[in-house]
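Numbering (our numbering), first residue to last: 71 to 381. Glycine is no exception: its CB is placed at the ideal position from the N, C-alpha and C atoms. Keep in mind the model is a prediction, meaning the values are calculated, not measured. Reading through the structure tokens given below for one structure.
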Amino acid sequence: MSDVDAPRTEEVPQARSFDFQPPAGGDLVLKSCDGTTFQAHSVILGMASTVFSDMLSAATKSDAVELAEDAETISIMLAFIYPIPPPQVTTVELLEKVMVCAQKYHIEKILKFIEERVYLGSDLLSLDPMRIFYTSVKHSFRTTQIIAAKSIRPDHCDFSSVEGLLQLAKYFPEAAPAIGLAGAQGARAKILNRVLMEAPRESGIYPKRSQPAPAKTSYPSSTFTKAAFLPMCSGHTPRDGAIELVGKPVHQCDAMFRVTSLTGMRRGDLELCNACVTSAFEDYPRFERWAEDVKCIIEEELEALVVLYSL
């Protein structure tokens with residue numbers, strides 16, 4: 071299993087984007103993990119959070135209460151707790167900090183704020199629904215998780231692509247093997263659809279100089295490569311082959327790459343490509359050389375899935 075870490079950015083000292091200190095007269099010192107202290111009022115903390123109430127009942131007023139959160143997280147939490155207008159949360163980073171302290175310390179005022187501000191179409195949610203989904207899962211905000219999931223579009227994270235699945239696995243490393251296994255099916259279908267149906271010429275299935283089948287059997291000149299001169303018309307799309315390959319591994323589809331596979335074409339396709347089929351059977355070795363090249367192209371394209379199988 072590969073090591074897949076959750077997304078992280080390089081930590082560099084930065085000025086806090088939010089800073090709040092309680093009014094004077096506090097009887098309790100809160101200390102952040104990065105050394106900042108806050109002179110808070112124990113009565114206000116206890117009223118806002120049962121977790122703080124229980125925590126403070128076991129502490130002495132002379133002791134600083136050390137918290138695991140950084141100064142900015144504690145600062146914004148206190149700004150919600152004290153009777154002042156709620157702080158402006160305009161970034162995903164601040165929202166994550168708000169969600170952390172709301173859940174950990176069970177502060178109803180903050181929980182209500184999240185419900186009111188994070189909804190379908192909200193400015194906060196539109197910033198990064200994938201990251202908000204991850205944070206919601208991590209801190210058990212089920213309603214927000216569902217709303218964020220509904221907001222994720224392929225341009226946020228395309229789960230039918232290898233890149234999108236790897237991004238998802240970075241968010242949830244403990245589920246990476248399952249993500250790779252389940253997601254590989256969709257990614258495989260997308261690759262086959264692109265190679266065989268959407269852009270076969272760009273993928274090398276029908277090279278740029280390929281031509282419709284001639285009236286009589288002809289052989290490619292030495293200047294052409296692979297399938298440069300095909301016994302199949304350039305408009306033919308291997309639709310049935312794509313469908314079969316989605317459901318089976320390539321090594322179980324060898325019959326597809328034989329000239330006899332053309333007898334299984336749909337009736338409409340057979341009528342449209344009658345000249346192609348006739349030409350292919352007349353010179354089946356050339357057709358099967360081309361088909362073998364197509365098989366190699368498909369196998370090379372599907373190699374991109376190996377990284378998902380090894381998560």
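- Residue environment: residue 171 is assigned as buried (16 or more neighbouring CB atoms within 10 Å of its CB, all protein chains considered).
- By a beta-carbon distance limit of 8 angstroms, residue 205 contacts residue 166. Their separation comes to about 5 angstroms.
- Judged by DSSP secondary structure, residue 260 falls within the alpha helix (DSSP H) whose first and last residues are 246 to 263.
- Rounded to whole angstroms, the gap between the alpha carbons of residue 370 and residue 261 is 11 angstroms.
- Nearest to residue 363 by alpha-carbon distance, out of 376, 232, 327, 102, is 327.
- Between residue 108 and residue 115, the C-beta spacing is not below 8 angstroms.
- Spanning the alpha carbons of residue 138 and residue 103 requires a straight line of approximately 5 angstroms.
- Rounded to whole angstroms, the gap between the alpha carbons of residue 232 and residue 142 is 36 angstroms.
- Annotation: the continuous beta strand (DSSP E) that includes residue 108 extends over 107 to 110.
- Boundaries cannot be given for residue 318, as no beta strand (DSSP E) includes it and DSSP labels it neither H nor E.
- If you ignore the 5 residues before and after residue 368, its C-beta comes within less than 8 angstroms of the C-beta of 262, 265, 266, 315, 320, all in its own chain and listed in chain order.
- For residue 99, the enclosing beta strand (DSSP E) starts and ends at 98 to 101.
- As computed with DSSP, residue 135 is found in a beta bridge with 100.
- For the 8 angstroms CB-CB criterion, residue 145 and residue 126 do not form a contact.
- Taking each of 318, 345, 351, 246 in turn and checking the Cα distance to residue 331, the smallest one comes out for 351.
- Going by beta carbons, residue 238 and residue 227 fall inside the 8 angstroms limit.
- Note on residue 356: 16 or more other CB atoms within 10 angstroms of its CB, so buried under the neighbour-count rule.
- Boundaries of the alpha helix (DSSP H) around residue 215: 212 to 221.
- Here residue 187 carries a helix assignment [DSSP, helix/strand/coil].
- With a cutoff of 8 angstroms on beta-carbon distance, residue 183 and residue 150 are scored as near each other.
- CA-to-CA, the gap between residue 212 and residue 255 works out to about 27 angstroms.
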